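Residue numbers (our numbering): 186 to 656. Each residue gets a CB set at the ideal place from its N, CA and C atoms; glycine is no exception. Remember, predicted model here, so these are calculated numbers, not experimental data. To start, the structure itself, in structure tokens.
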């Protein structure tokens, strides 16, 4: 049944909620890492646990994709929610043993579970298959902004708030979602991922390839630029103030993304040009992160401009992520291709992020610095702020610039790969003709203008002839 007036059904809202609450497990994992005494002063294990999470995501992409070929979507999503609840409850057990090896394994398993969120994102568009994925211009932006907002709010430390309040809320919501997803309509319980020609046709999806390359290059240095909370601490902001900054960032994120993507939706009424330009020309947020830390993070103590730059960078990064995946869904134009492409592309991105600490070190090595390890104390983090700033700049910017070049290259391929627009056109999203004896023809704008001029002149001539007959 309809949930809102724009074609969103109640099942869409339920599945979207499963995607939005995914950061709860990330926050639980962060709680485990921050309270694990076995990781104190063991920097190598901290890096290993971070990489283990990305390796788990890589493994999870394969597992969930294989299961999608045998298990219907509603059961698969219900199993994912139940498994998330199980590992959420086991966090304190792992914390009791407090073994660095167990914690690394726990992060590996959490990475596997984190990947399941793509099931909720892709199947959110099940009924919109024949109409294309242009509705994702608003919906992907909405649920991604809410997910990022929740991820930021979960890092906030509020004094006076009862401890452990998140656990029962998450458990009750998980149970409710499991029940509602199990009772989903037959279109979610009757189909599994079939055999497709995705890999054979992969070379034809150049927008998808270039966007994945762009996100992968940016992910090679994610270990460095996704560290804004530590940068705020270096700039003199207290944990309480960082919490306030996270709340402000969450509010700005929702308002900015809602405004931006609603504008894009209205501009895209007559074609996908607005989404093409926004996706291909919006630079990575990591460029602004690194520049702000380089220019404002040291000599400008407790800089409000530095805080504003980090907030803007976060908004740009989330908007770019939402635009990329909206564009990918639009160009793949098939829910089965979208499911395969999402898991395959995310696996490549996570593989790059898994080696991010080492890749960042190698990129910065020619300049004699490293954002990963100290040059004075082996296997320890860099403690000199000036050296660390230089290491951040020389490691992040080369990879981010290459990522920007890759996404700009996708511009020329965007329009030819959009099979349909808003459900119209000669071909359906699966490549089948919408009706018999139909074809697609490209007409220049000048030709259309000339045709209108001819019609106007003909109408004026006929009007003058009619007036002559009356006289």
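Query raised in the report: With 16 as the cutoff for other CB atoms within 10 Å, does residue 415 come out buried or exposed?
Result: exposed
Query raised in the report: Below 8 Å, can you find three or more Cβ-Cβ pairs linking the segment 294 to 313 to the segment 522 to 532?
Result: yes
Requested in this report: Kindly say whether residue 553, judged by its beta-carbon, lies nearer than 7 Å to any beta-carbon of chain D.
Outcome: Of the protein chains in the structure, only one exists, and it is not chain D.
Query raised in the report: From residue 492 to residue 474, what distance separates their C-alpha atoms?
Result: 10 Å
**Report entry** Cβ-Cβ distance between residue 293 and residue 237 below 7 Å
**Finding:** yes
Query raised in the report: Can at least three beta-carbon pairs, one atom from the segment 541 to 549 and one from the segment 573 to 592, be found at a separation below 8 Å?
Result: yes
Query raised in the report: What do you reckon, are the CB atoms on residue 366 and residue 263 nearer than 7 Å?
Result: yes
Query - Inter-residue Cα distance where the pair is residue 203 and residue 381 - result: Going by the C-alpha atoms only, they are around 27 Å apart.
Query raised in the report: Grouping DSSP H, G and I as helix and E and B as strand, with all else coil, what is residue 558?
Result: Assigned with DSSP and collapsed to three states, residue 558 falls in coil, not helix or strand.
Requested in this report: Measure the C-alpha to C-alpha separation of residue 520 and residue 374 and round it to an integer number of angstroms.
Outcome: Approximately 15 Å between the Cα atoms of the pair.
Requested in this report: Can you give me the start and stop residues for the alpha helix (DSSP H) that residue 598 sits inside?
Outcome: 596 to 602
Query raised in the report: Considering residue 456, what are the terminal residues of the alpha helix (DSSP H) in which it resides?
Result: It is not in any alpha helix (DSSP H) - residue 456 carries neither H nor E in the DSSP assignment.
Query raised in the report: Does the Cβ-Cβ distance between residue 325 and residue 507 come in under 7 Å?
Result: Yes. Within cutoff.
Query raised in the report: Buried or exposed: residue 197, going by 16 or more other Cβ atoms within 10 Å of its Cβ?
Result: Label assigned to residue 197: buried.
Query - Beta carbon of residue 239 nearer than 7 Å to that of residue 538 - result: Yes; because the gap between Cβ atoms is below 7 Å, this pair is in contact.
Query raised in the report: Considering only C-alpha positions, which residue in the set 588, 288 and 522 is nearest to residue 385?
Result: It is 522.
Report task. Rounded to whole angstroms, what's the CA-CA distance from residue 488 to residue 572? Just pull it up for me. Result -> 20 Å
**Report entry** Rounded separation between residue 254 and residue 513 - CA only
**Finding:** Cα to Cα, the separation comes out at about 22 Å.
Query raised in the report: Below 7 Å between beta carbons: does that hold for residue 541 and residue 408?
Result: yes
Requested in this report: Please name the residue in 358, 600, 410 and 570 whose C-alpha comes closest to that of residue 199.
Outcome: 358
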